[in-house]
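Reviewing the structure listed below.
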Amino acid sequence: MPEVTSWGRLRRVPHEVSRPAFLDAARAAASSNGAPLLCFGMGRSYGDVCLNENGRLIVTDMLDRILLFDRERGVLRAEAGLTIDRLLRVAVPQGWFAPVVPGTKFITLGGAVANDVHGKNHESVGTFGSHVLALGLARSSGEVLTLSREENSELFAATVGGLGLTGVILWVELQLKRIASAMVDTETFAIANLDQFFRLAQESGEWPYTVAWVDCLAKGTATGRGFFIRGRHAETGGLSVHGGPRLGVPFNAPGGLLNAYTIGLFNTLYRHRPFVLGVKQVHYDPFCFPLDAVARWNRLYGPRGFFQHQSAVPMARAFETLRRLLELTAAFGEGSFLIVLKLFGDIPSPGILSFPLPGATLALDFPNKGESTRRLLDDMTEVVLSAGGRLYPAKDATMSGEAFRAGYPAWRKVEAQRDPAMMSDFWRRVTAEAA
Amino acid sequence: MTRILILGATSAIAQAYARRRAAQGCTFILAGRREDRLAAIAADLKACGAGAAESFVIDLAAVDGIEEGMGTLHARFGEFDEAVIAYGVLGEQSRAEQDLALTRTLIDTNFTSAAMWTLALLKDRAAATAFTVVGIGSVAGERGRASNFIYGSTKAAFDRVLEGLQQKHDGTSVRIIRVKPGFVDTPMTNGMAKGGPLWATPDRVAADIDRAVARGRRVVYTPWFWWVIVVIIRHLPWFVFRRLKI
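Chains V and U, in that order, are what the protein sequence lines are.
1 is the number of the first residue of the first sequence in our numbering; add one for each residue after it.
436 is the number of the first residue of the second sequence in our numbering; add one for each residue after it.
Have a look at this one:
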């Protein structure tokens with residue numbers, strides 16, 4: 001059986017893989033008998049939400065047709081395997097943009113729905129699921145349903161953020177966002193600590209996009225040192241689309257390449273880059289998707305792969321929790337060159353298992369060093385849970401069933417709506433002992 | 436506005452090529468068997484910028500229906516500026532050697548019907564109007580190899596037809612372009628182990644075809660390095676060739 005891995009490259013997992021090229025074939029795959037079933041898009045989730053060991057995997061990348069594009073109203077309906085990459089290539093020249101984009105454009109619409117992804121504009125527009133007008137779902141019973149907030153609303157709520165477990169998502173209809181330009185007006189500030197992050201984030205209500213990059217090795221009063229970046233779509237600059245990746249990582253880096261020294265060096269250089277601060281106009285591609293410039297950057301972490309921790313904590317305890325998490329990371333000394341910090345807003349998602357909650361979120365990766373890394377992740381999870389927070393399933397590879405169920409108390413509602421034929425390694429892991 | 440007829444529009448290479456031409460504002464007649472699949476492709480091409488995209492449901496491999504099909508096409512859609520012959524079946528060599536019905540299907544689909552469609556397209560054309568025929572062949576047709584000679588020979592035979600037409604129409608407004616892709620990651624090759632430097636995406640192949648059509652090239656190996664591989668394989672002496680497991 002072919003082996004499949006996720007973005008974190010922690011395990012290579014055997015699957016029975018099919019790759020339908022048309023929706024009728026995807027419907028047929030959904031209702032055929034066999035081992036447990038799961039869909040797999042671009043494999044950008046980090047842990048095991050996209051894996052299904054010894055089960056069947058429907059790879060959706062060939063289902064990427066745009067079925068309808070209303071250029072007046074900005075409504076786009078497409079097969080679930082359409083990537084944000086291709087969506088933008090078609091929509092941007094017409095003056096439309098995806099309402100929500102995560103840190104990479106190489107994800108599918110189906111994956112965006114299943115993980116209810118968020119972007120740098122969460123405070124002003126909510127999650128991806130908030131902009132889904134309708135979607136088509138094939139159930140293993142052979143039923144093909146249209147879901148929306150009005151139609152089959154319970155199944156819609158279970159499917160948005162439902163980790164692909166309610167059936168095979170066939171198509172997604174999306175409300176796009178009007179833009180006058182492909183450029184983004186940005187302002188970048190140096191921040192010395194977490195205090196300054198919170199102050200700037202709260203002062204930036206007029207700015208739809210906000211995010212901070214933080215040096216994970218800074219300790220003590222410097223905890224939270226880094227940059228704060230805010231942006232809004234520009235009014236001028238033309239509607240040019242993005243190009244392909246500029247660099248690539250052709251093979252696995254040796255295991256120890258990313259260590260405290262190289263990351264410290266990277267962070268220092270990154271912080272002292274010339275011309276980074278102040279007011280600038282940049283294209284949406286480097287602004288929204290900085291890591292897409294390097295194809296397959298996940299190989300930098302070497303053959304053992306890497307973990308990502310992304311958590312959300314309620315605002316009331318956000319400050320102390322983030323500081324505690326950053327301290328744990330700095331003390332561990334093997335942090336990542338990508339720590340992202342931002343505030344979440346209070347626009348509720350239609351999805352039951354949606355990750356964001358009103359508060360703050362932190363994302364950082366760690367090379368896989370085995371037990372010691374797992375212990376650190378467990379400690380961090382503990383800190384997050386005790387603050388009433390939760391972890392992001394799309395990034396997670398280690399949280400316990402208890403931790404998941406504490407963070408997502410409504411999970412049984414999704415379990416009740418789950419298609420009996422659908423399953424993932426993640427779901428098996430976090431629901432096993434709760435049966 | 437260029438009007439393009441695609442025979443076998445649901446092929447992954449044809450779809451990728453049509454997307455590129457759609458962005459240039461071309462219009463399309465999409466011929467194939469499956470109405471629902473053609474409709475999805477037509478919708479997609481319109482979203483990409485195609486002036487129009489219409490479906491024509493027909494079993495292209497049905498040898499007896501070609502003349503009538505051609506008549507219906509002309510009656511319904513008028514004249515075309517370009518035709519792409521993109522359909523075909525790979526088949527499993529070991530099965531085709533045992534199952535003569537399968538052998539016949541491969542020959543009828545990839546060669547007999549494809550050659551007849553090409554001739555039907557060129558028949559009775561006014562010599563003055565520009566017309567381009569793009570025939571999708573395969574590097575598999577460049578030498579008879581134990582692993583794949585039935586499929587390969589159907590593509591080789593089709594290539595000879597196209598080559599002959601090139602000579603016949605040399606210096607006229609009719610251009611024939613012979614496309615020879617190597618390993619392409621499409622549903623056709625889903626049974627094979629994929630990955631590695633020899634495999635190309637349909638869009639990579641489509642980009643090469645697009646360029647070849649724009650420049651009026653006669654033969655295009657895609658990606659380009661297949662030209663080198665083919666030259667070597669074609670010139671291998673027998674005492675080497677017989678030992679190769681290809």
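Beta carbons: idealized from backbone N, C-alpha and C, even for Gly.
Model, not experiment: these values are computed from the prediction.
Query                                                                                                                                             : Result
Contact with chain V by residue 476 of chain U, beta-carbon distance below 8 Å                                                                    : yes
Short-range partners of chain V found in the segment 449-478 of chain U, where Cβ spacing is below 7 Å                                            : 471, 472, 475, 476 and 478
8 Å Cβ shell around residue 494 of chain U - same chain, five flanking residues per side excluded                                                 : 468 and 500
Own chain partners of residue 219 of chain V with C-beta closer than 6 Å, once the 5 adjacent residues on each side are dropped                   : 330
Alpha helix (DSSP H) segment containing residue 551 of chain U, residue limits                                                                    : 549-557
Where residue 496 of chain U sits in the DSSP three-state scheme                                                                                  : coil
Contact list for the segment 619-653 of chain U against chain V, Cβ threshold 7 Å                                                                 : 622 and 625
Buried versus exposed call for residue 530 of chain U [16 or more other C-beta atoms within 10 Å across all chains shown]                         : exposed
Bounding residues of the alpha helix (DSSP H) (the contiguous stretch that carries residue 347 of chain V)                                        : Here residue 347 of chain V belongs to no alpha helix (DSSP H), and DSSP marks it neither H nor E.
Strand pairing of residue 120 of chain V, partner residues [DSSP]                                                                                 : Residue 120 of chain V is not bridged to any residue.
As assigned by DSSP and simplified to three states, the class of residue 437 of chain V                                                           : The question about residue 437 of chain V has no answer, for chain V in this structure spans 1 to 435.
Span of the beta strand (DSSP E) around residue 153 of chain V                                                                                    : Counting along the chain, residue 153 of chain V falls outside any beta strand (DSSP E), though it belongs to the alpha helix (DSSP H) covering 153-159.
Alpha-carbon to alpha-carbon, residue 434 of chain V and residue 406 of chain V                                                                   : 12 Å
Per-residue contacts from residue 447 of chain U into chain V (C-beta, under 9 Å)                                                                 : 21 and 62
Per-residue DSSP class, three states only, for residue 207 of chain V                                                                             : coil
Nearest-angstrom Cα separation, counted from residue 357 of chain V out to residue 206 of chain V                                                 : 20 Å
Alpha-carbon to alpha-carbon, residue 595 of chain U and residue 676 of chain U                                                                   : 23 Å
Members of the segment 479-513 of chain U that neighbour chain V once the beta carbon cut-off is set at 7 Å                                       : 479, 482 and 483
Residue-level contact to chain U via CB, residue 27 of chain V, 8 Å cutoff                                                                        : no
Uninterrupted alpha helix (DSSP H) stretches inside the segment 526-595 of chain U (no shorter than 4 residues)                                   : 528-533, 535-541 and 549-557
In chain order, each beta strand (DSSP E) run of at least 3 residues that lies wholly inside the segment 6-52 of chain V                          : 16-18 and 37-40
First and last residue of the uninterrupted beta strand (DSSP E) at residue 509 of chain U                                                        : Careful: residue 509 of chain U lies outside any beta strand (DSSP E), inside the alpha helix (DSSP H) at 501-512.
In DSSP terms, what residue 411 of chain V is bridged to                                                                                          : Residue 411 of chain V is not bridged to any residue.
For residue 367 of chain V, the residue or residues it bridges with in DSSP                                                                       : V:306
Three-state secondary structure (DSSP) of residue 300 of chain V                                                                                  : helix
Beta-carbon contacts of residue 438 of chain V that lie in its chain and below 7 Å, excluding the five residues immediately before and after      : With chain V covering 1 to 435 only, the question about residue 438 of chain V has no answer from this structure.
Of the listed residues V:311, V:317 and V:349, nearest to residue 341 of chain V (C-alpha basis)                                                  : V:311
Residue 288 of chain V versus residue 422 of chain V - alpha carbon distance                                                                      : 33 Å
Element boundaries [beta strand (DSSP E), containing residue 517 of chain U]                                                                      : 517-520
Member of V:40, V:117, V:390 and V:395 whose CA lies at the smallest distance from the CA of residue 402 of chain V                               : V:390
Beta-bridge pairing of residue 634 of chain U - partner residues as DSSP gives them                                                               : U:618
Contacts around residue 280 of chain V, its chain only, beta-carbon distance under 6 Å, and the 5 residues preceding and following it disregarded : 186
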